[in-house]
Structures are given as structure tokens and as C-alpha cells.
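S.K.: Protein chains in written order, with my numbering: chain A, 65 to 223; chain B, 416 to 826; chain C, 1333 to 1696; chain D, 18 to 275.
Think of the CB as a built atom: it goes at the ideal place given N, C-alpha and C, for glycine as much as any other residue.
Structure provided below as C-alpha cells; questions to follow.
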Amino acid sequence: MEIKAFMKEVSSVKGVTKVGLVRNNVVKCNLDKEGSKDFFVKLKDDFGFEHCSLITAIDNQPQFELVYHFSAINGSVFVKDSSAAVMAEIHIFLDRDTPTVESISDLWFGANWHEREAFDLMGIYFIGHPDLRRVLLPEGFAGHPLRKDYVYEIHEEEW
Amino acid sequence: MSLFSFCKAMAEWTADYMLIPVFNFQAGLFPPFSNPAGDIADWLETDGGLNTLAWLFAVNIAFAIGMTNLIIVIHLERKIAARIQDRRGPMLSLRSFRELGEDLAGNSPSWRFKQNYAGIGILQNMADGIKAITKELIIPAKADKFLFTMGPIIFISSSVFLLVLFPLSDRFAASSAPAGLMVIMAAFSIAPIGVLTSGWASNNKYSMIGGMRSAAQLMSYEIPLLLSMAGVFLLAGSFDPVTIVEQQQQSTWFFGLPMWNFIPQFIGFIVFMICILAEVERVPFDLPEAEAELVEGWTTEYSGIRYMLFLAAEYIRGFAGAAVCTILFLGGWAGPWPVPPEVWFLLKVYLILIFWIFIRWTVPRIRTDQILELGWKKLLPLSLINILIVIFMVEIYPYLSDTLTLLPEVF
Amino acid sequence: MAEMWISMGPQHPMTHGLWTLKVKVDGETIVDADPELGYLHRSVEKMGERRKYFMNTTLTDRLCYASSTTWTHCYALSVEELMEVEVPQRAQYIRTIMLELQRLASHLMWAGAYMPDLGHITGALYFWRDRELFLNLLEAPSGSRLLYNYIRIGGVKRDLPDGFEQKTERILKLFEQRLDEYADLFENSKIFRMRTEDVGKFTAAQAQNLGITGPNLRGCGTKFDLREHDTYEIYDEIDWDIQTREAGPGYSDCFSRYMVRIDEMRESIKIIRECFKKMPAGPTMASKIPVRATGEAFRRTEDSRGEALMYVVGDGSDRPYRWKIKSPMFTTISACPHYLKGYKVADIPAIMGSIDICIGETDK
Amino acid sequence: MSSDREIGIMDIIVNPMKVTLKQFFKSTFGKPTTVMYPLERRDPPPTYRGMNAVIWDLCIGCGICGEVCPNKCLKMKPTELSDEEQDRAWYGSHLAKRKNKAERPAINFGHCMFCGFCEDYCPTGAMTMTDFYELADTNREGLIYPARSMKVELEDLPQLPLTNYMMESPVLDVDPCIGCSKCVDNCPTNCIIMDEGPQNKTLKSGKTRNVENPYFDYTICIGCSTCVKVCPADCLHMEPISNSSSSGLSEEGATTEA
């Protein structure tokens, strides 16, 4: 599927807004939180994005933003006259009070620990995740340090 | 003059001039009472007493020679490993101190080959020994304390026992049992008990797995090992090392060279070499103490002198294994005249040891299932084939010729 | 023996203090595994939010001590994308040379670390001896042996020193000879093959879903290399091939992963030679580099271990608002129960070593 | 590819051992790779980043090195200069009036990571990195090097032009400026002068008076942002400026054209 056709098909999906190109091989779009799972199933099964590169959580104050990066390794979506692998960048915005979203770790196993990390450092809850524990910080750590309202002490040694 | 008669002479001299006068003097101090010192003095005058004393001397000499060899082997291993790996290895010796002192004092170098204070590094052995002795002996809280301390004792005592069992030549032997090699193999197979004991008593999962691996490996390799030795015993008709070496001298092949056992029994030689490598747990068969997966296996929890005893025992076993190999297949102490037979024997042993050192630093370690597969599926049939060949050889021998000269043409 | 959990690490020669692998074994067979991270967590992302854009190259250097230039380069690339900085042509060539030298050093570091895992100490010293050659090369322009801080936002710190090309050529020639020499000691050695062949298998489809990238994915025969498929610097102007290898029908084992890396080293040598041939003259730093940035940008590069991705969000100040690092090893380690199951305890170092773990970048 | 050949029985021990034997003889009869460190040393390249040294004659005490230090291991410490040092100093004429307030960098090498930013961003080239790397000490206090111990003196000084590596320069917001001229006093390069401003201010007494405003010479501004820090009225801020004509007030204040 050519990238232009892919963009057209994506923009026809319910809940997807602001479809655009970041670079010649990166498609960016916003996605509603409700029904996001259906879109991800479609992205994996119909469009062939086999590889989940990264899940980033951003504290935009007040709302949270989740950025998913997917990559089509096998070339099911391609750019004409170019060897570039197509990436999809999907933004989901979450309320600060209810930072929950459906987990995609059953679709892409590679997303499993990225979701755990987002939970660990930013406090996003992924519904349906098989093993939502802290991954980098120790069990029992209070707070989510990458949030902008996380209070921490800066220790500077006097000398 | 053999070692034993030398020791006997020494024992007679010591008894006559040192021990008996001393004991008699002690006995004379308190005449009214029956004194054991007098009894000992009487006993030392008998033949049994003198033999016991002579035997003690012989054992001590053998032990001293074995321990000196141990240090040399460890040092050799380090230096050769360093050369293989493009390093220098241990270098600190008394010479380096002297060179350094000369440099600090501003004198011109008096040593002919001055290269950056690089000695041969003999002080490293002392440093290791001092370090091991001065370290704390840790016994884990949940370990079985009795068995934990017994493990190294079983292992080291069975290994040191090996040292007195093999002769350096027909005249230099601490013990001359007619079933010498059988006793050596029996001593070899005591070690798995010590390994399993210490592996279990450590109360550590790695040690446990290491101990089990070691036991499985040593037991499964005992069978092809003994079967490959059986060929030599059949050929010589004896378990006695002296007889076996003499038998190897009797038969000759091209140019009148002695046909040592590794030529007619090449398969047996290969099987024996692999099995003895596994028996003394050297790379590629050192998986009981594989450091990458099992954290040194059954020696994980041991520290200080106990750990060093394990290491020392392994090198002693390696030395003993090479000695057995020399006796069985490489003609023992036989060699041209100007060099004494004891030196020939040690030269052959060191040749094998250097070969093993090269193997150790050349190949990776193999896996547990692979080692057992190799032992049971490959080495066992091969050793049986070797026995068949030897039986064939011994049976057709009388019909061919008085000598074994024709044998190469038969095969 | 009943099933039991063995804790490999953090005090274990395989994990050397950095992570823990809990393994459930039945006798010597692995039934289940549970990796645990966090022993080296330094909160690099949070620290980056307090530092100016240009200062963060020191942090990215420290993400992985074996491959620091590639990480700094990934960061510089994403920030240049964010700030819309045009890098001069010569700087791009120099960057490519440094990246490939770093890839060689990193692969050698891996190969050296892999050999003791298999019980082959000599291999470690041979490979690390050769790594020193490349560290010397990397030291010459950057001034440091391990953490170079050479690639900066907008270019490179300074031009290559005089005689660098001749020195590089000499070392590459020596290294090529040695690589041929090593073939008999390692990949053609029977025992090495016994340990690595048919061990730690995963298929290409599995690997893509598990998030495994880089040489580990290319070991399955998948032709995917971001130098080609999301091209950056001057890789599109240079003639080179993606090195793949397939063990069986579509799967990779430890041996194929080893061979992919060895082949990649030869390919890197090719790239470096061609770069020197084509290198133009000119400045090595962009003339104008902004200090503040707004918006968001990401670039992904082919790190020595796989896909490295950095996502930078700026809010108009001189510090990044949010900075996210994607480490290829993070997902690869998370998938380890999938490719450890069913093998022996002795295979754990062989498998985990073959995927080239670097905990520095994983724990961030 | 050499690895594609058939693996035979010779590849178990014999062929691998050929390689190790060759190396054994090579390093026995040749020289091993080992560098015997305390006795023999490899020469670091001229670019090597070792211990820092400060050429005091060039240092103007701007504090940029402390600013760009990611670890904050470098601090400016007030240092009293002797008369001779004062005379030798490059910007001595300017510093004369604040001789006792001169600041020079001191480094805590316990925190330093030798990234080289201080050297790269120093506007006068006073901060250099030597190839000395044996800095180990037995206690932490020994790693703190006071300002005077970093001093080096060179025979012939490289007279480098002042360069703004920070890519930013101060810009004045005219309205809140009270004309206190603190920025002028503290500017390490003397790039600010006070002059008649465009604006009159009404005092409490009802009189209107012209307020003097700072004017910047961006050709010698090094972007150290000292003026921004000392400004009591928050009327200065840093902006990326590439030439002298890019901001509201400053173009008149530029004494020389870029």
C-alpha cells in the first residue's frame, strides 16, 4: 500500500483526526481514547505494522499525551521510489484524572515493557495489561517521577 | 639404588644415630616406670620399625616432589595462557626488585636481559598462597557444617594420595603395589564423593547443580576410561606400572624404535586422553565449575585455604592424570641414556600438561548433555573397539613372529 | 529434581551486577524466566529535562559505554530535526566514519564479552585487543577513549586530525587479517558450533512482534537496517549491503547472530573506506545553531544493537520539555522468556550473550 | 565467506590450536601487546581531555565554564590577584577597578567527567585541558582543586578574539529599566555602556528625568548572561542574536560594526 493511500484509509477510520506527514515516511495522526483498540487491531492486521517501536508518555499539564510509534518492517506500507520504512506516529490524549487507556501488549509483545515503563514513570494505567508492575523503579516507590508535578530534592554538594 | 633402599639406608642412619639414642635417653630418665620411649627404641631396631620409618621418608619425598610440581604446573599454566593471549602474565620476581632498586639508585643495569623489570613472576605463587591462607574461612549459616568441612578434606586427601602411587621410574617409587594402576584409578574415583558432598553441604543451588553435574560426568567417564586402560593391561598382562613400561620397551618397530602403546592402541590413546581430561575436569570438560553459568559450581561457597585446596587438588589430579597417561601409553620413564629416567618421565608428563593447557585456552566449554552424549555414545563403543583390536593382536601374536616388528604391516 | 527458581544475578558472572534473570528450572531445563531491571537506573530522561540541549550529549554518551557515539548521534539527529539545523556535508561524512568505527568497537566488545560466556577466555582477550585499536582511532579526533562527546548538535566537535586516514587504513588492514585468522578459532571451531548452533531460536515473525531489532532480527534473514530503511547522514550515497543470515527456515540461532555481527564488521570496514574516498572539504559545524526549540521531533538510527529512537519535545526554552529514549535492548530483554524456554541452564549465557545486552541504555 | 566451509574432525582441536600456537610463538619471541603502565606509557593524542588548566592571563572571569558544566563541578571562586597578575591580565585595564573581586574557576575533580565543554565554550581560550590524567587521590577533599592551583602561565599568549559560543546575547526591555548600571559594573568584557535612553521617567517628586539605559556591543559580547543575573529589575533577557541589528534598542549602542 502506498503511503498516500494509507493516509487516506487511516483518515476514514472513526476517531482519527489530523492525519499528516511528518517526514516523507512518517504518518502522524491523533486518535480518540475510546475505541483506540479497534484502530490498533486494524493497524496491525490490515496495514501490517508488525513492530511497535516505542510508547512515550508526555505530561502536557494538565492532560497526558501518549505517543505510539509503529513501524512497517515488512514493507506492507511503502513510499514510492524509496527504500524508507514507513512509521506511524499516533497521539492519544488522556485526562489527568483518568489516565487510563487500553493495553496493546496482547497485539505487540514488544509494547509490554513500554507500557510498564509508562506506568512506572508517568502513572498511566493500561487496562488489560497482563503484568502491570514497576519496571525500572523499585516496588513501593511513591509517585511517578516523570510527571511535571513530581516534587524532588536537588542535592548539591557544597565544596 | 632404588628410592626405597635409599630411604631404608637413611632410616637406618637416623634410627642409629638420632632416634634410638634420644629415646633411650628418655627411657633412662625415669627407670622405675615402664616407659613407651624405650619400647619405641626397641621397635626401631626391628625390621618392621625400620621399614615403617623408610616408608615415611619415601612418602615425604614423593609429596615434596608432587607439591613442587604443582607450583610449577600452576606457574606454567599462567605463563603459557598469557603468551597465548598476547599478555605477559605474572612478572614480579626477586629480579624485578633488584632491577628496580638499581634503577632507583641510579646504577647502570647489571642484568644482561633487562626488560622493564619483567622477571618470570615466581613471587606470584607466594602471593597467592599467602592470600589464600590469610583469608577468612566462611561457612554459610545454613550449610551443613560437618560435611562442608569434610568435602575439601576428602577431595584433597584422595588427590594427594595419588602422588605416592605412581612411580617416577622403576627405582624411584614410594610404593610398589602389584595392582598399582588399579589403586590409582580407585583413588581417582573417590573424588566425586567429595565433590557431591561439598556441593550438597553448601546449601546453594549453583553448588548443588555443579555437584550433580560433576558426579554425573565423573561416573559416566569412568567406564570408557577403564575400558581404554584395559587394552594396555591385556597387552602387558599386569596392573604393575613397572611391568607395563617394560613391556612397551620390548616391542620395537621401524629403526628399532620402541613401539609405545599409543601406536598400536591409537584409538585407546585418544579415548583415554579425552576421558582423563573429563576426569580431571579441565576445559572443555570443566562444566561442574563453569563460571559463566554456575558461578564456579560446587566451589562457590568456599573461601580462603579451602578454595585453594580445591584448586590445588585439581592441579594434582591433572598431574596424576598426565602421569598415568605417560605410564600407559608413552613408554613411561624410558628414554635415551644421558638423561635420567625420572627426568624423562617428568618431561613426558609436562608435555602432556602443556598440551592440555593449550587445549584449555583454545576451545570453549561444551554442554552437559553434549558431554554425556559424547561419553556414552561415542567413547564407550570406541573403547570397546580398542579392546577388540588388542585381543586380536594378542591372540594372533604367537602365530606371526617372535617380535612385534611385523605388526605395522598387519594393520 | 523438582522445579525451582534460580536467581541469576545481580551477583552473577553473566549479569555482572546490572540485572537479574530469575530462571525456573526443571533439573537443567529452563521452564520459565523473569527478567528484572532497575539496578542501573539513573533517570537520564529526567536529568535531561534540567540540562540545556547541548549538555545532554554527555548524558547520551553514558547510555552505553560500548557504543556511546551512536547514541549521541541519535540524540543530535533528533535535536537537529527539532531545531531544523542543516549539517555540513563534511561533518556528515566524519559522523559516518565515527559511527562505523564505533560499531566495530561495539561489536568487538560484544564478541569479547560473549566468549567467556561460552568458557573461552582467550577469545575475550583477542577481541578486546582489537577493540583497543579502534578506541585509539576514536580517541584521536575526540580526545577521549570511551565517552567521546565528539558528535555535537549541528556537526562534530573538530575536524579529523592529520594522517587519520592513513592510520585508519593501516588498522583496518590489520584487523581484516586478524578477522580471517580468527575464523579457525571461533566460527569454524567444532565445539564453538556445538555450543551456538540450534540454540536460542526465534523466527522472523516472532522477532518482529517481540520488538527485536538490529543484528538479532537480521539473524533471522529479515533485510531490515535503518541505515537503509530510514536513511540518515550519507548512507544512501554509499554502496553497501545489509548483512543477513539465516540459520534454518526463517529462524535465527546464536551462531547466525554471531555471524551477522562478524559480517557487519567487514561491511563497516567497507563503508569507512568508501567514506574516506568520497569525503569533501568544508566546515564541520553548522554556522548557526539555535539554543531554544519548540515542537516535537524524533529520529531513529541503527544503533550497534538495534533500533535506537529518540523523541524530543521542546517548549520554547533552552531545555528539552520531554525526552524519551527507546533502547533496542529494553524490548529484547523483555522477550527473553520466549527464547529461553526449553533450553539448558548452560545455554543461558550463550543465548543472553548472543543478543548483545547493554544494561546502560536499557535502564536509562 | 570463510565460515561456509565444511566442519571436519580437524576443527575440534587441531585447527583452532594452530591459531593459538601461532600467537604463542609470536608473543613469546616478539613483544606482547601489554602496556606496562607505570613503567611505560602510551602517548595521548594532542586532543586528549585530561586535567584542566586555566591560563590566568587570558581568563576574564565570565563564569561561562561553570555555566556549561553539566555536572556543576566547576565554580567561580573570588580570588585576589597580585599586582603582577593584574598587569599581565589581558583585560587588566577593565579589571583594575575590581581587582579584589576577580573570580577564577576552581574544579572539583570528584565530580568532573572530562566532557570538555568548559574548554569548548570558553570565549577567550583561557580554559584548556592538558594530557595529565593521574588524578587519583586518597580522599575526596584532595580532588577539590582551588582556583590558584589551576593556574598556568604561558610564554607567548594566543590572543584569540572574543567569541560568543553561547549563541545568545542580552536584550533590554526598556520600560522596567531603572538605569542602575549594575550590568556595566559586572560585565566581564566591558561590552556595555550606559547612555541616554529613549525614555523619560516621572519621579515621585513629579519631575521627569531621562533614564540612562545600557547599550550592548554584540561584537564582543560573549553571552555569559552575568548582566541578566545581576539585573535588579528583570529588564534583561537572553535571545539568540546573530548580528548587531536584530533587537530593539541595541543597534544604536553597538560601537563597532560586526
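Any C-beta of chain D sitting closer than 7 Å to the C-beta of Thr777 (chain B)?
M.R.: Locating residue 777 (chain B) in the second sequence gives position 362, counting from the first residue. Chain D, which has a Cβ nearer than 7 Å to the Cβ of Thr777 (chain B), makes this yes.
S.K.: Thr667 (chain B) by DSSP, collapsed to three states: which one?
M.R.: Taking the second sequence and counting its residues from 1, one reaches residue 667 (chain B) at position 252. In this structure, Thr667 (chain B) counts as strand in the three-state DSSP scheme.
S.K.: Look at the alpha carbon of Arg1382 (chain C) and the alpha carbon of Ala727 (chain B), and state the distance between them as a whole number of angstroms.
M.R.: In the third sequence, residue 1382 (chain C) corresponds to position 50, counting from 1. In the second sequence, residue 727 (chain B) corresponds to position 312, counting from 1. Rounded to whole angstroms, Arg1382 (chain C) to Ala727 (chain B) spans 56 Å at the Cα level.
S.K.: Under DSSP, the alpha helix (DSSP H) around Ser573 (chain B) begins and ends at which residues?
M.R.: Taking the second sequence and counting its residues from 1, one reaches residue 573 (chain B) at position 158. Start and end: 560-580.
S.K.: Using a Cβ-Cβ cut-off of 7 Å, state whether Val1419 (chain C) counts as contacting chain D.
M.R.: For the purposes of this step, residue 1419 (chain C) is identified with residue 87 of the third sequence, where counting begins at 1. So no, Val1419 (chain C) is outside the interface.
S.K.: Leu633 (chain B) bridges to which residues according to DSSP?
M.R.: Here the question's residue 633 (chain B) lines up with position 218 in the second sequence. DSSP output for Leu633 (chain B) lists no bridge partner at all.
S.K.: Taking three-plus beta-carbon pairs below 8 Å as touching, is the region 1467-1478 of chain C in contact with the region 117-129 of chain D?
M.R.: No, the region 1467-1478 of chain C is not in contact with the region 117-129 of chain D.
S.K.: Any beta-carbon of chain B closer than 7 Å to the one on Thr1352 (chain C)?
M.R.: Taking the third sequence and counting its residues from 1, one reaches residue 1352 (chain C) at position 20. Taking Cβ atoms only, chain B never reaches closer than 7 Å to Thr1352 (chain C), which makes this a no.
S.K.: Which residues bound the beta strand (DSSP E) around Cys116 (chain A)?
M.R.: Counted from its first residue, the first sequence places residue 116 (chain A) at position 52. Its beta strand (DSSP E) spans residues 115-123.
S.K.: Distance cutoff 7 Å, beta carbons only. Does Ile499 (chain B) sit that close to anything in chain D?
M.R.: As a position in the second sequence, residue 499 (chain B) is number 84, starting the count at 1. Yes, Ile499 (chain B) lies at the interface with chain D (some Cβ there is under 7 Å from its Cβ).
S.K.: Measuring straight from C-alpha to C-alpha, what distance separates Asn260 (chain D) and Lys1505 (chain C)?
M.R.: Translated into the one-based positions of the fourth sequence, residue 260 (chain D) becomes position 243. Translated into the one-based positions of the third sequence, residue 1505 (chain C) becomes position 173. With a pLDDT of 47 at Asn260 (chain D), under the threshold of 50, the modelled position of that residue is not reliable, and no figure is offered here.
S.K.: How many angstroms separate the CA atom of Arg493 (chain B) from the CA atom of Met674 (chain B)?
M.R.: Residue 493 (chain B) sits at position 78 when you count from the first residue of the second sequence. Residue 674 (chain B) sits at position 259 when you count from the first residue of the second sequence. Approximately 34 Å between the Cα atoms of the pair.
S.K.: Are the region 1401-1415 of chain C and the region 1627-1646 of chain C in contact at 8 Å, needing three or more beta carbon pairs?
M.R.: Enough Cβ pairs lie closer than 8 Å, so yes.
S.K.: Using three-state DSSP, classify Lys1658 (chain C) as helix, strand or coil.
M.R.: The residue given as residue 1658 (chain C) occupies position 326 in the third sequence. DSSP places Lys1658 (chain C) in strand when its eight states are reduced to three.
S.K.: Within 10 Å of its beta-carbon, does Ala469 (chain B) have 16 or more other beta-carbons around it, so buried, or fewer, so exposed?
M.R.: Residue numbering aside, residue 469 (chain B) sits at position 54 when the second sequence is read from its first letter. With 16 or more Cβ atoms within 10 Å of its Cβ, Ala469 (chain B) is classed as buried.
S.K.: Helix, strand or coil for Asn156 (chain D), going by three-state DSSP, please let me know.
M.R.: Locating residue 156 (chain D) in the fourth sequence gives position 139, where the first residue counts as 1. Three-state DSSP puts Asn156 (chain D) in coil, outside helix and strand.
S.K.: Within this structure, are the beta carbons of Arg721 (chain B) and Pro567 (chain B) separated by less than 7 Å?
M.R.: Counted from its first residue, the second sequence places residue 721 (chain B) at position 306. Counted from its first residue, the second sequence places residue 567 (chain B) at position 152. Against a cut-off of 7 Å, the Cβ pair of Pro567 (chain B) and Arg721 (chain B) comes out as a contact.
S.K.: Please report the distance separating the alpha-carbon of Phe113 (chain A) from that of Phe1507 (chain C).
M.R.: Here residue 113 (chain A) refers to the residue found at position 49 when the first sequence is read from its first residue. Here residue 1507 (chain C) refers to the residue found at position 175 when the third sequence is read from its first residue. In a straight line, the C-alpha of Phe113 (chain A) is about 40 Å away from that of Phe1507 (chain C).
S.K.: Please compile the residues from chain D whose C-beta is within a distance smaller than 7 Å of the C-beta of Thr1454 (chain C).
M.R.: What you label residue 1454 (chain C) is simply residue 122 of the third sequence in a count that begins at 1. Under the 7 Å cutoff, chain D gives Thr37.
S.K.: Give a yes or no on whether the C-beta atoms belonging to Gly646 (chain B) and Gly609 (chain B) are separated by under 7 Å.
M.R.: Translated into the one-based positions of the second sequence, residue 646 (chain B) becomes position 231. Translated into the one-based positions of the second sequence, residue 609 (chain B) becomes position 194. The answer is no: Cβ separation not under 7 Å.
S.K.: Helix, strand or coil: which one does DSSP assign to Gly187 (chain A)?
M.R.: Looking up residue 187 (chain A) in the first sequence gives position 123. Gly187 (chain A) falls in the coil class under three-state DSSP.
S.K.: Can the beta-carbon of Glu1569 (chain C) be found closer than 7 Å to that of Ser147 (chain A)?
M.R.: As a first step, residue 1569 (chain C) must be located in the third sequence, where it is residue number 237. As a first step, residue 147 (chain A) must be located in the first sequence, where it is residue number 83. Contact: no.
S.K.: With a threshold of 7 Å between beta-carbons, can Ser117 (chain A) be considered close to chain C, or not?
M.R.: Residue numbering aside, residue 117 (chain A) sits at position 53 when the first sequence is read from its first letter. Answer yes: the Cβ-Cβ gap between Ser117 (chain A) and chain C drops below 7 Å somewhere.
S.K.: Can the beta-carbon of Cys93 (chain A) be found less than 7 Å from the beta-carbon of Val105 (chain A)?
M.R.: Along the first sequence, one-based indexing puts residue 93 (chain A) at 29. Along the first sequence, one-based indexing puts residue 105 (chain A) at 41. No. Outside cutoff.
S.K.: What residue from C:Tyr1567, C:His1405, C:Phe1459 has the CA that sits closest to Gly1487 (chain C)'s CA?
M.R.: Indexing the third sequence from 1 puts residue 1487 (chain C) at position 155. It is C:His1405 whose Cα lies nearest to the Cα of Gly1487 (chain C).
S.K.: Let's test the definition: count the other Cβ atoms within 10 Å of the Cβ of Ile553 (chain B) and tell me whether it reaches 16, buried, or not, exposed.
M.R.: In the second sequence, the residue the question calls residue 553 (chain B) occupies position 138. Answer is exposed; the Cβ neighbour count stays below 16.
S.K.: Could you tell me whether the Cβ of Phe561 (chain B) comes closer than 7 Å to any Cβ of chain G?
M.R.: Of the chains in the structure shown, none is chain G; the protein chains are A, B, C and D.
S.K.: Taking a contact to mean a Cβ-Cβ separation below 7 Å, would you say Thr1714 (chain C) touches Gly1648 (chain C) in this structure?
M.R.: Any answer about residue 1714 (chain C) is impossible in this case: the structure gives chain C only from 1333 up to 1696.
S.K.: Rounded to whole angstroms, what is the Cα-Cα separation between Glu91 (chain D) and Cys82 (chain D)?
M.R.: Locating residue 91 (chain D) in the fourth sequence gives position 74, where the first residue counts as 1. Locating residue 82 (chain D) in the fourth sequence gives position 65, where the first residue counts as 1. It should be noted that the sequence gives Leu, not Glu, for residue 91 (chain D). If you take the alpha carbons of Leu91 (chain D) and Cys82 (chain D), they lie about 7 Å apart.
S.K.: Name, please, each residue of chain D whose Cβ falls closer than 8 Å to the Cβ of Glu220 (chain A).
M.R.: Along the first sequence, read from residue 1 onward, the residue named residue 220 (chain A) stands at position 156. Neighbours of Glu220 (chain A) on chain D, chain order: Lys89.
S.K.: Can you tell me which of the three DSSP states Trp1337 (chain C) falls into?
M.R.: Your numbering for residue 1337 (chain C) matches position 5 in the third sequence. Trp1337 (chain C): strand per DSSP, three-state reduction.
S.K.: Taking the straight line between their C-alpha atoms, what separation do you get for Ile26 (chain D) and Ile689 (chain B)?
M.R.: Here residue 26 (chain D) is taken as the residue at index 9 of the fourth sequence, counted from 1. Here residue 689 (chain B) is taken as the residue at index 274 of the second sequence, counted from 1. Taking the straight line from one Cα to the other gives about 14 Å.
S.K.: Taking only beta-carbon atoms, is Ala113 (chain D) less than 7 Å away from chain A?
M.R.: As a position in the fourth sequence, residue 113 (chain D) is number 96, starting the count at 1. Only weak support is given to the placement of Ala113 (chain D): the predicted model assigns it a pLDDT of 47, under 50, and the question is left unresolved by the model.
S.K.: Give the secondary structure of Ile605 (chain B) by DSSP, where H, G and I count as helix, E and B as strand, and everything else as coil.
M.R.: Position 190 of the second sequence, counted from the first residue, corresponds to residue 605 (chain B). DSSP places Ile605 (chain B) in coil when its eight states are reduced to three.
S.K.: Got a sec, what are the start and stop residues for the beta strand (DSSP E) Ala424 (chain B) sits in?
M.R.: Here residue 424 (chain B) corresponds to residue number 9 of the second sequence, with the count starting at 1. Careful: Ala424 (chain B) lies outside any beta strand (DSSP E), inside the alpha helix (DSSP H) at 418-429.
S.K.: Assuming Lys1658 (chain C) and Ser117 (chain A) form a contact by the criterion Cβ under 8 Å, report the distance between their Cβ atoms to the nearest whole angstrom.
M.R.: Here the question's residue 1658 (chain C) lines up with position 326 in the third sequence. Here the question's residue 117 (chain A) lines up with position 53 in the first sequence. Confirmed, about 6 Å.
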